[in-house]
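Have a look at the structure below, then the notes.
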Amino acid sequence: MPELVTIPCLSDNYAFLLHDAKSGKTALIDAPEPGAIQAELDKRGWNLSEIWLTHHHWDHIDGVADLVAATGARVLGADADKHRLPPLDQALMPGTDFDFAGHRVEVLDVPGHTVGHIAFYVADATVAFTGDSLMAMGCGRLFEGRPDQMWDSLQRLMKLPADTKICSGHEYTAGNISFALTIESENEALRARREQVEAARARREPTVPSLLSDELATNPFLRAHLSSVKAALHKETASDAEVFAEIRARKDDF
Numbered sequence: 001m002p003e004l005v006t007i008p009c010l011s012d013n014y015a016f017l018l019h020d021a022k023s024g025k026t027a028l029i030d031a032p033e034p035g036a037i038q039a040e041l042d043k044r045g046w047n048l049s050e051i052w053l054t055h056h057h058w059d060h061i062d063g064v065a066d067l068v069a070a071t072g073a074r075v076l077g078a079d080a081d082k083h084r085l086p087p088l089d090q091a092l093m094p095g096t097d098f099d100f101a102g103h104r105v106e107v108l109d110v111p112g113h114t115v116g117h118i119a120f121y122v123a124d125a126t127v128a129f130t131g132d133s134l135m136a137m138g139c140g141r142l143f144e145g146r147p148d149q150m151w152d153s154l155q156r157l158m159k160l161p162a163d164t165k166i167c168s169g170h171e172y173t174a175g176n177i178s179f180a181l182t183i184e185s186e187n188e189a190l191r192a193r194r195e196q197v198e199a200a201r202a203r204r205e206p207t208v209p210s211l212l213s214d215e216l217a218t219n220p221f222l223r224a225h226l227s228s229v230k231a232a233l234h235k236e237t238a239s240d241a242e243v244f245a246e247i248r249a250r251k252d253d254f
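Right under this line is the structure:
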């Protein structure tokens, strides 16, 4: 199984390394800044082979040029966003897959935060790199997409195996939990997760990655289809997508 490493970057971003020991290949998922990433590679004695980009925002791509110059790594990203990503060596289409050191990487279409956003699922590592689509206890703000697009994207991710590690792009978990409690204050799993997150942050530990099973049990953006959540929002007759839109709008004003 490939080894996964989480790298804190900037003030609250994360990048991730996926390393295959047999081949010696290493992939980087998103590149917020070069320094922290290169330091982690050097510490482990790993050579960077590939950079996979989830979307075009600056805090996910600003380190690409320096890392490519230093390592010669290939850059992979969405074909739909190639006009606003760093130069791509491989343009990816959602619904396809590619090989990384003998491991199948599925390219998932997850628009909403941006219209060209993609995610990467690696079954051999039980991991999904979701960028700013599905996040720990949250989802990305809808800068370009529509609520129904994001709801469709989240449903796609919800179908992954429950033990999938969700590698998202930011340390927003504590704030997201505070918001979630305004919707499901009696959710015991949510209360327990708040305690776990508070303890982790007190130790200055990342709360990312998170397990999909935990997201399904506590993340309000994945629970818009539940009758209990609809009742809490007084949206009993609304569609799932309409309830998701209401939750997103409330979070935007939180």
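Under full-length UniProt numbering, the residue at position 244 of the sequence shown is numbered 244, and the numbers go up by one with no gaps.
All C-beta atoms in this analysis are idealised placements derived from N, C-alpha and C, irrespective of residue type, glycine included.
Checking 8 Å against the spacing of the C-beta atoms, do residue i and residue j come in under that value?
i: E40; j: L10; result: no
i: A128; j: L160; result: yes
i: V122; j: H103; result: yes
i: V61; j: L85; result: Residue identity check: residue 61 is Ile in the sequence provided, not Val. Contact flag set, yes.
i: P2; j: D20; result: yes
i: T164; j: T126; result: yes
i: I177; j: I247; result: no
i: I166; j: P209; result: yes
Given this structure, state the Cα-to-Cα distance separating residue i from residue j, to the nearest angstrom.
i: E198; j: T173; result: 10 Å
i: A91; j: R74; result: 11 Å
i: S228; j: N187; result: 10 Å
i: S168; j: A245; result: 21 Å
i: L108; j: Q155; result: 12 Å
i: Q38; j: G72; result: 13 Å
i: L18; j: A217; result: 27 Å
i: V68; j: T237; result: 52 Å
i: R191; j: A70; result: 45 Å
i: L142; j: H113; result: 4 Å
I need the DSSP call for residue i, collapsed to helix, strand or coil.
i: T179; result: In the sequence as displayed, the identity of residue 179 is Phe instead of Thr. F179: helix per DSSP, three-state reduction.
i: A241; result: helix
i: S185; result: coil
i: D214; result: helix
i: F254; result: coil
At which residues does the beta strand (DSSP E) containing residue i begin and terminate?
i: P34; result: P34 -> not in any beta strand (DSSP E); alpha helix (DSSP H) instead, spanning P34 to R44.
i: E3; result: E3 to C9
I'd like the span of the alpha helix (DSSP H) that includes residue i, first residue to last.
i: V208; result: Note, V208: premise wrong, no alpha helix (DSSP H); not H, not E.
i: K235; result: Where K235 is concerned, there is no enclosing alpha helix (DSSP H), given that its DSSP letter is neither H nor E.
Is there at least one non-hydrogen atom of the ligand ZN closer than 7 Å to the beta-carbon of residue i?
i: D152; result: For the ligand ZN, the structure offers nothing, since it holds no ligand at all.
If you scan the UniProt domain "Metallo-beta-lactamase" (12 to 170) from start to end, which runs of the alpha helix (DSSP H) of 4 or more residues do you find wholly inside it?
34 to 44, 58 to 61, 64 to 71 and 147 to 158
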